Amino acid sequence: MRSPSDHHAYPTHWEADVVLRDGGTAQIRPITTDDAQRLVSFYERVSDESKYYRFFAPYPRLSDRDVHRFTHHDYVDRVGLAAIVGDEFIATVRYDRIDSRGMPAAAPADEAEVAFLVQDAHQGRGVASALLEHIAAVARERGIRRFAAEVLPANNKMIKVFTDAGYTQKRSFEDGVVRLEFDLEPTDRSLAVMRAREQRAEARSVQRLLAPGSVAVIGTSRTPGGVGRTVLRNLLDAGFTGRVHAVNHAFPDDMTRLEPEGVPAHRSLRAIEEPVDLAVVAVPAERVPAVVAECGDHGVQGLVVLSAGYAESGGEGRDRQRDLVRQARSYGMRVIGPNAFGVINTADGVRLNASLSPQLPNPGRLGLFTQSGAIGIALLSGLNRRGAGLASLAGIAGISTFVSAGNRADVSGNDLLQYWYDDPLTDVVLMYLESIGNPRKFTRLARRTAAVKPVVVVKGARHTGSAPTGHAVPTTRIPDATVSDLLRQAGVIRVDTVTELADTGVLLASQPLPAGPRVAILGNSESLGLITYDACLTEELRPLPPRDLTTDATPDDFRRALTEAFADDTCDAVVVTAIPWVGEGSAQALAAAVREAAQAPGPGPAKPVAVVHLEIQELAQALAGTGGEPAPGTRRIPAYPAAERAVRALAEAVRYARWREEAAEPGRVPEYDDIDEAGAAADIQVLLAPADGTGGDGPGAGTGHAVGGGIGDGVGGGTGEATSGGAFDGTGPGVELSAADTQRLLARYGVSVLPALPAPDPDAAVRAAERLGFPVALKPTASHLRHRADLGGVRLELGSETELRRAYAELTDYLGRPEELGLVVQRMAPRGVDTVVRAAIDPAAGAVLSFGLAGAPSELLGDTAHGLVPVTGQDAAELIRSIRTAPLLFGWRGSKPVDTAALEELLLRVSRLVDDHPEMVAVDLEPVVVAQHGLSVLGASARLAPPPPRTDLGPRHMPAY
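Okay, structure coming up:
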């Protein structure tokens, strides 16, 4: 039980699990008064040299006064953090707030002195770097903006920790001591350093799981069968290059080897006299805690937990799963599972099959991650043999590594992306996901990985609205269509089925990327060529007229035609179609001809080629290279039993190649001189005060809470209630801004809203129109009528007082009393295309910007594009062009194109607003009328709330349990 120190309550939110440089884990938490004995024991294990570097003098032991000072903190001006493994301190860091003279101080002093001490056995593991990230975040939270550290010149390791962190620094040397001062405000460089360290650490933690030197299978039964014995058998059959141990507490005392496998047998892990890197756990769930403790005591680096009975089984299982992760992390171990299918590594130097797959897949260039054992085994089987109509893929697209994570309580798809990012043995990443625990991090990692190799994803559980029961992940309100847009923005290739996952992976792993969408089609069937042509048009490719070689075509005819297609600079890819022929000829000869043409040197860059065959299974095998190992340099060609499948895979490759080309020149977030960020921040602080209980009239206080102006200067009147229909509705706790407040905040970012004046009666409507100038529009602002032109509630182009009074009478007779309608008068905007721009905060994904055409296209048809904030100029242009109704903006059917440049600027300004001020949890601009020159925002609403935590910008840490 932790006790609070001097003044402030124990800050639980500072606790974090981190992955260290060598792939092990540690817990970081505040030091408390209960840690006195841990601190003393830790100090006793530190070398005299390290103590000297810390205190600048011999300091063999801590006095009682020292122990009290180092364990009693107020968590504001004095803070200490410890890195812990196995309930023992391995490192500490502390800061003390100081004034300009270096003396102890309290706020508002914004400088602190920081000092570290790392146990010698754990130096070089990146512990100090991780502690620096966390103590800096704590200091920023407590109003400290700068750290100072004094280091002996010989203490090169600690100097390097500070200088490598990426913060803005000042260095001086005085009285034999190096003094370092650095600002704690994150910089681009410090963020890059942190993420690079995160990648190396998490990749290393996965590498330790996938390339162990020794494996213990805990729960190996004495008789054949059972999960543990099956995994043991699979390990041996795969030719694992390391050492294998069988462990079962029920083995007889005199049993030393398990037969017929001939592997060492042990009653417990403690009986193994050598290190064990990986433990495969296949015991009942209630016995797992004792097994984990044994593994931790023995120094095991990671666990693959096959045992079921965890979160997938209900509340008790969720508690058991939480305890499993916490216990494993306390020993510095990563966990795959529980309820996992296992892991595979086909590298020659490893040959690991610690899974329930009965055979080691053929080695290849595909990395495969699944959250489902059933999907995992189906994919492995499909990539090793001829599946349901799928060409034999063995040899053409084998596996480099495979992880089926089950409940993914610890190791997740994010960790595998970190590993595969720079894995030289993996060219294409395939993922089957049922939940995304940290969407913001996933898209960041996926974007970085997709810049160097394709990432193909199938997302299961798309329409259930919740993650599978075993997955303890944050909830998200983002619809599936929005998830697709965010993945596309990150360069991820999202497909709908497992079959498409394999089809696309096969093509990407074996073919060069196409330079464009132009496709040549050739073959010995006119009908199959036409089907392929139609499929290309469906996928928005640009097919050339099919070339019919006739049914009499020989392999030489195919070779010549394919060679000509490769030399043709009017095509970027080739699809070869083939049907069984009458007369002489063989599938082997045709395959050899296709391969010969494909690998012959040409005048330009290599082009991808795919083969569509009908009932020529021998051709698929020959193209894949499964009829014996082909000569070095032989190009393998993917074959598909249906034109639609081949063309869909090719289309995904075309879209990915285009994204990768665009990503090579990343866009930028533009700066605008007229943005008043400080003014908006001050407004938001005032507006949020009622929600924080610091005064005011409470949320939604209307005009009495306007920062400036009154309802007469507002936009659309009413409460400014947010509406649904975008990425998600942004509803939730917070302050619904009045029209005037919304208008003022938007104006701070250069977004002006066409004024709308209240019209509580006909005379007021006439006065408003005279003030604004005829012609005007008359419209209701009541929530049930806003943006409902289909109900006849909007009157436009009212050019005189008579027309306005007539329209007022019609609306109040038809729709209700004036006070129910909230009628307003607004000056007419130039004619154009009505659009909608929204931004909202999702707890898991962060801020999302959405764009679509107003009305039925976005609300009924869901034709809305979405992007993560902040968007770049390139992102904004893509958002506008990615909706299906985009042609209406660019001169459809002879109409004049509208000012898309102004629309892009509006998107960028709204993105900046919500990115600069995360308190803006919902912004809704509707309609935005885009004319030939300029645009007009006719309605706007916004909601403020205390900002959610930005975990992606804080110190690196593992998901909390």
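Numbered according to my numbering, the sequence shown spans residues 905 to 1865.
C-beta: ideal position from N, C-alpha, C; glycine also.
Since the structure is predicted, the reported quantities are computational estimates derived from the model, not experimental observations.
Checklist entry - Between the beta-carbon of leucine 1210 and the beta-carbon of glycine 1241, is there less than 8 Å? => result In the sequence shown, residue 1210 corresponds to position 306, counting from 1. In the sequence shown, residue 1241 corresponds to position 337, counting from 1. Against a cut-off of 8 Å, the Cβ pair of glycine 1241 and leucine 1210 comes out as a contact.
Checklist entry - For aspartate 1746, which beta-bridge partners are listed by DSSP? => result To locate residue 1746, count along the sequence shown from 1; it is residue 842. DSSP output for aspartate 1746 lists Gly1750 as bridge partner(s).
Checklist entry - Would you call the segment 1231 to 1248 and the segment 913 to 929 in contact, with 3 or more CB pairs under 8 Å? => result yes
Checklist entry - In terms of alpha-carbon separation, which member of Val1827, Val1752, Arg1029, Arg1735 lies closest to tyrosine 1653? => result As a position in the sequence shown, residue 1653 is number 749, starting the count at 1. Ranking the options by Cα distance to tyrosine 1653, first place goes to Val1827.
Checklist entry - In this structure, does DSSP put arginine 931 in helix, strand or coil? => result Looking up residue 931 in the sequence shown gives position 27. Per the sequence shown, the amino acid found at residue 931 is glutamine instead of arginine. Assigned with DSSP and collapsed to three states, glutamine 931 falls in strand.
Checklist entry - DSSP puts tyrosine 1336 in a beta bridge; with which residues? => result Here the question's residue 1336 lines up with position 432 in the sequence shown. Thr1274, Val1362, per the DSSP bridge assignment.
Next on the checklist: Given a cut-off of 8 Å on the beta-carbon distance, is the pair glycine 1132 and glycine 1123 in contact?
Outcome noted: As a first step, residue 1132 is located in the sequence shown; it is residue number 228 there, counting from the start. As a first step, residue 1123 is located in the sequence shown; it is residue number 219 there, counting from the start. Contact: yes.
Checklist entry - Does DSSP classify alanine 1406 as helix, strand or coil? => result Counting from 1 along the sequence shown, the entry for residue 1406 is found at position 502. Helix at alanine 1406.
Next on the checklist: Just checking: is the beta-carbon of alanine 1413 within a distance shorter than 8 Å of some beta-carbon in chain D?
Outcome noted: No chain D is present in this structure, which holds just one protein chain.
Checklist entry - Which of the three DSSP states, helix, strand or coil, is assigned to valine 1196? => result In the sequence shown, counting from the first residue as 1, residue 1196 sits at position 292. Correct three-state label for valine 1196: helix.
Checklist entry - Quick one, which of Gln1730, Pro1761, Gly1271, Asp1000 has its alpha-carbon nearest leucine 1792's? => result Walking along the sequence shown from the start, residue 1792 turns up at place 888. When each option's Cα is compared against that of leucine 1792, the closest is Pro1761.
Item to check | Whole-Å CB distance - glycine 1277 paired with serine 1308, under 8 Å assumed | outcome: Translated into the one-based positions of the sequence shown, residue 1277 becomes position 373. Translated into the one-based positions of the sequence shown, residue 1308 becomes position 404. Their Cβ separation, rounded to whole angstroms, is 5 Å, which keeps glycine 1277 and serine 1308 in contact under 8 Å.
Checklist entry - According to DSSP, which residues form a beta bridge with tyrosine 999? => result In the sequence shown, the residue the question calls residue 999 occupies position 95. According to DSSP, tyrosine 999 bridges with Val983, Val1018.
Next on the checklist: Can you check which of these residues, Arg1464, Val971, Val1516, Glu1519, is closest to alanine 1502 by C-alpha distance?
Outcome noted: One-based indexing of the sequence shown puts residue 1502 at position 598. Taking only the C-alpha atoms, the option nearest alanine 1502 is Arg1464.
Next on the checklist: What residue range does the beta strand (DSSP E) around leucine 1641 cover?
Outcome noted: Position 737 of the sequence shown, counting from 1, holds the residue named residue 1641. Segment: none, leucine 1641 is in no beta strand (DSSP E) and carries neither H nor E.
Next on the checklist: Measuring only the C-alpha atoms, how far is alanine 1844 from arginine 1352?
Outcome noted: Translated into the one-based positions of the sequence shown, residue 1844 becomes position 940. Translated into the one-based positions of the sequence shown, residue 1352 becomes position 448. The straight-line gap from Cα to Cα measures roughly 35 Å.
Checklist entry - Going straight from the alpha carbon of valine 1814 to that of glycine 1750, what length do you get? => result Translated into the one-based positions of the sequence shown, residue 1814 becomes position 910. Translated into the one-based positions of the sequence shown, residue 1750 becomes position 846. Those two C-alpha atoms are separated by around 15 Å.
Item to check | Other residues of its chain near proline 1851: CB distance less than 6 Å, five sequence neighbours each side excluded | outcome: For the purposes of this step, residue 1851 is taken as residue 947 along the sequence shown, with counting starting at 1. The answer, listed in chain order, is Pro1822, Glu1823.
Checklist entry - Is the segment 1049 to 1056 in contact with the segment 1022 to 1030, if contact means three or more CB pairs nearer than 8 Å? => result no
Checklist entry - Who are proline 1267's beta bridge partners in DSSP? => result As a first step, residue 1267 is located in the sequence shown; it is residue number 363 there, counting from the start. The partner list for proline 1267 (beta bridge, DSSP) reads Ile1303.
Item to check | Reduced DSSP secondary structure (H/G/I, E/B, other) of asparagine 1152 | outcome: The residue labelled residue 1152 in the question sits at position 248 within the sequence shown. Asparagine 1152: coil per DSSP, three-state reduction.
Next on the checklist: Are the CB atoms of valine 1396 and valine 1361 within a distance shorter than 8 Å?
Outcome noted: To locate residue 1361, count along the sequence shown from 1; it is residue 457. To locate residue 1396, count along the sequence shown from 1; it is residue 492. Yes; because the gap between Cβ atoms is below 8 Å, this pair is in contact.
Item to check | Cβ shell of isoleucine 1588 (< 8 Å), same chain only, five flanking positions each side left out | outcome: The count along the sequence shown starts at 1 and reaches residue 1588 at position 684. For isoleucine 1588, where only same-chain residues beyond five positions count, the Cβ hits under 8 Å are Leu1649, His1821, Glu1823, Met1824, Leu1848.
Checklist entry - Using a Cβ-Cβ cut-off of 7 Å (strictly less than) and excluding sequence neighbours within five positions of glycine 1868, which residues of its own chain qualify? => result The structure shown has nothing for residue 1868, since the chain only spans 905 to 1865.
Item to check | Host beta strand (DSSP E) of serine 1845 (start-end) | outcome: Along the sequence shown, one-based indexing puts residue 1845 at 941. Looking at the DSSP string, the run of the beta strand (DSSP E) that includes serine 1845 is 1844 to 1848.
Checklist entry - Around the C-beta of threonine 1598, are 16 or more other C-beta atoms found within 10 angstroms, so that it is buried, or is it exposed? => result On the sequence shown, position 694 is the one that residue 1598 refers to. Residue confidence for threonine 1598 is low, a pLDDT of 43 falling below 50, so the modelled location carries little weight and cannot support an answer.
Checklist entry - Taking the continuous beta strand (DSSP E) assigned at valine 1833, which residues delimit it? => result In the sequence shown, residue 1833 corresponds to position 929, counting from 1. Its beta strand (DSSP E) spans residues 1824 to 1834.
Item to check | Proximity of leucine 1708 and valine 1639 at Cβ, strictly below 8 Å | outcome: Along the sequence shown, one-based indexing puts residue 1708 at 804. Along the sequence shown, one-based indexing puts residue 1639 at 735. Contact flag unset, no.
Next on the checklist: Just to confirm my understanding: we take alanine 1493, look at its own chain, exclude 5 residues before and 5 after, and list those with CB closer than 8 Å. What are they?
Outcome noted: For the purposes of this step, residue 1493 is taken as the residue at position 589 of the sequence shown. Within the same chain, alanine 1493 has close Cβ partners Pro1459.
Next on the checklist: Distance check for phenylalanine 959 and leucine 1417, CA to CA, integer angstroms please.
Outcome noted: Stepping through the sequence shown from its first residue, residue 1417 is reached at position 513. Stepping through the sequence shown from its first residue, residue 959 is reached at position 55. Leucine 1417 and phenylalanine 959: Cα-Cα distance of roughly 59 Å.
Next on the checklist: Under 8 Å: do the segment 1441 to 1456 and the segment 1553 to 1570 share three or more Cβ pairs, one atom per stretch?
Outcome noted: yes
Item to check | Cβ contact (3+ pairs, closer than 8 Å) linking the segment 1724 to 1733 and the segment 1677 to 1696 | outcome: yes
Item to check | Outcome for histidine 972 when other beta-carbon atoms lying within 10 angstroms are tallied against a minimum of 16 | outcome: In the sequence shown, residue 972 corresponds to position 68, counting from 1. Looking at its Cβ environment, which holds fewer than 16 other Cβ atoms inside 10 Å, histidine 972 is exposed.
Next on the checklist: Give me, in chain order, the residues of the same chain whose beta-carbon lies closer than 8 Å to that of alanine 1711; leave out the 5 immediate sequence neighbours on both sides.
Outcome noted: The count along the sequence shown starts at 1 and reaches residue 1711 at position 807. Here the set comprises Leu1682, Arg1699, Leu1702.
Next on the checklist: If I measure Cβ to Cβ from leucine 1256 and keep anything under 6 Å in the same chain, skipping five residues before and after, which residues do I get?
Outcome noted: Residue 1256 sits at position 352 when you count from the first residue of the sequence shown. Shown here for leucine 1256: same chain residues with a beta carbon closer than 6 Å to its own, the five before and five after excluded, namely Phe1144, Asn1249 in chain order.
Item to check | Integer-rounded CB distance, given that arginine 1422 should sit under 8 Å from aspartate 1476 | outcome: Taking the first residue of the sequence shown as 1, we reach residue 1476 at position 572. Taking the first residue of the sequence shown as 1, we reach residue 1422 at position 518. For a cut-off of 8 Å, the C-beta gap from aspartate 1476 to arginine 1422 is around 5 Å, short enough to register as a contact.
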